[in-house]
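Structure first, commentary second.
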Amino acid sequence: GMGMFIFSRKMLVEALEETYSKGLVHLERDYLQREFNKGKLTLSVYPFDGVVLQNQDVPSYFANNMALLRKDIRDGLFKPDFPIYTKIRDEAPTYYGDGNEITDCLIADGCAMYGKVEKSVIFRGVSIEKGARVSSSVIMQGTSIGKDAVLENVILDKDVTVRDGTVLIGTPEHPVIVKKGATA
Numbered sequence: 037g038m039g040m041f042i043f044s045r046k047m048l049v050e051a052l053e054e055t056y057s058k059g060l061v062h063l064e065r066d067y068l069q070r071e072f073n074k075g076k077l078t079l080s081v082y083p084f085d086g087v088v089l090q091n092q093d094v095p096s097y098f099a100n101n102m103a104l105l106r107k108d109i110r111d112g113l114f115k116p117d118f119p120i121y122t123k124i125r126d127e128a129p130t131y132y133g134d135g136n137e138i139t140d141c142l143i144a145d146g147c148a149m150y151g152k153v154e155k156s157v158i159f160r161g162v163s164i165e166k167g168a169r170v171s172s173s174v175i176m177q178g179t180s181i182g183k184d185a186v187l188e189n190v191i192l193d194k195d196v197t198v199r200d201g202t203v204l205i206g207t208p209e210h211p212v213i214v215k216k217g218a219t220a
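Using the working numbering, you'd call the opening residue of the sequence shown number 37 and step up by one each time.
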C-alpha cells in the first residue's frame, strides 16, 4: 500500500486515542490491521499504477533520490496535468565553468559547477569547485564542495562545507551522511 487512508475526523480521533493510550504508535499496524482482523473495520482499496517512492529510512531515501535520475520515474512523478507546487525561489541559472563534466544529474538553479559530477541530485545554490569529483550523491541546498574533494554515495544536508581534498566514500546501502551546517 501507499500508506494513504481516508477517515472521518471522528473515526481518526478515536483510532488515535485508542492506540496512543496503549502506547501503540503505528496507525497501520497497531490499529487498522488489528481492527480489520477482528472484523470491526472494513477497508476498500483503489488501484494505483503510477510511480510511488516511499522514504522509510536512509537507504530508501538515498535509493529514491537516485531513482529520480531515471526518466521513466521522473515522467511518472512529474506530470503536466498534475503539477507539484512549491515555494518559488527564482535564482540565476546554474553556471557551468570551464572543464566541468556533468553526466546523468538533476541540478537545480543557482549552482556553480566546475568539477566532475555524475549520477547525482544537486539542490539549489550548490558550488562544486575545480578538481572535485562527486558521484552517486545527494547534495542539498547551499553546500560548498572544495577543490579536489572526492564524494561517492554521500548525502550532504543543507549548508555543508566540504574542505579542499576531503574524501567521503560510502555505499548505496550505507551512504556517508554529513549533517546540516557541518564542515567535513
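Think of the CB as a built atom: it goes at the ideal place given N, C-alpha and C, for glycine as much as any other residue.
With DSSP as the reference, label Lys152 as helix, strand or coil.
Here residue 152 refers to the residue found at position 116 when the sequence shown is read from its first residue. Correct three-state label for Lys152: strand.
Under 6 Å Cβ to Cβ from Gly178, same chain only, skipping five residues before and after it: list those, please.
By one-based count along the sequence shown, residue 178 stands at place 142. Answer for Gly178: Gly161, Lys194 and Asp195, listed in chain order.
C-alpha distance - Ser172 paired with Leu68, whole-angstrom precision:
Here residue 172 corresponds to residue number 136 of the sequence shown, with the count starting at 1. Here residue 68 corresponds to residue number 32 of the sequence shown, with the count starting at 1. If I take the Cα positions, the gap works out to 38 Å.
Beta-carbon within less than 7 Å of Phe159's beta-carbon, same chain only, minus the 5 sequence neighbours each way: which residues are those?
Numbered from 1 along the sequence shown, position 123 holds the residue referred to as residue 159. For Phe159, where only same-chain residues beyond five positions count, the Cβ hits under 7 Å are Ala144, Ile175, Met176 and Gln177.
Can you find the residues in the same chain that come closer than 7 Å, C-beta to C-beta, to Leu89, ignoring five residues on each side of it along the sequence?
Reading the sequence shown from its first residue, position 53 is the one you call residue 89. If we look at Leu89 and ignore the five residues flanking it on each side, its Cβ neighbours are Asn100 and Ala103.
Can you name the start and end residues of the alpha helix (DSSP H) that Lys109 belongs to?
For the purposes of this step, residue 109 is taken as the residue at position 73 of the sequence shown. The sequence given here has Ile at residue 109, not Lys. Per DSSP, Ile109 belongs to the alpha helix (DSSP H) from Lys107 to Leu113.
Using the DSSP secondary-structure output, state which residues sit across from Leu142 in a beta bridge.
On the sequence shown, position 106 is the one that residue 142 refers to. Leu142 pairs with Val157.
Simplified DSSP state of Leu104, which is helix, strand or coil:
What you label residue 104 is simply residue 68 of the sequence shown in a count that begins at 1. Correct three-state label for Leu104: coil.
Separation of Val198 from Val186, as counted between CA atoms
Translated into positions along the sequence shown, residue 186 becomes position 150. Translated into positions along the sequence shown, residue 198 becomes position 162. Near 10 Å, if we compare the C-alpha coordinates of Val198 and Val186.
Can you tell me whether DSSP reads Arg15 as helix, strand or coil?
Any answer about residue 15 is impossible in this case: the structure gives the chain only from 37 up to 220.
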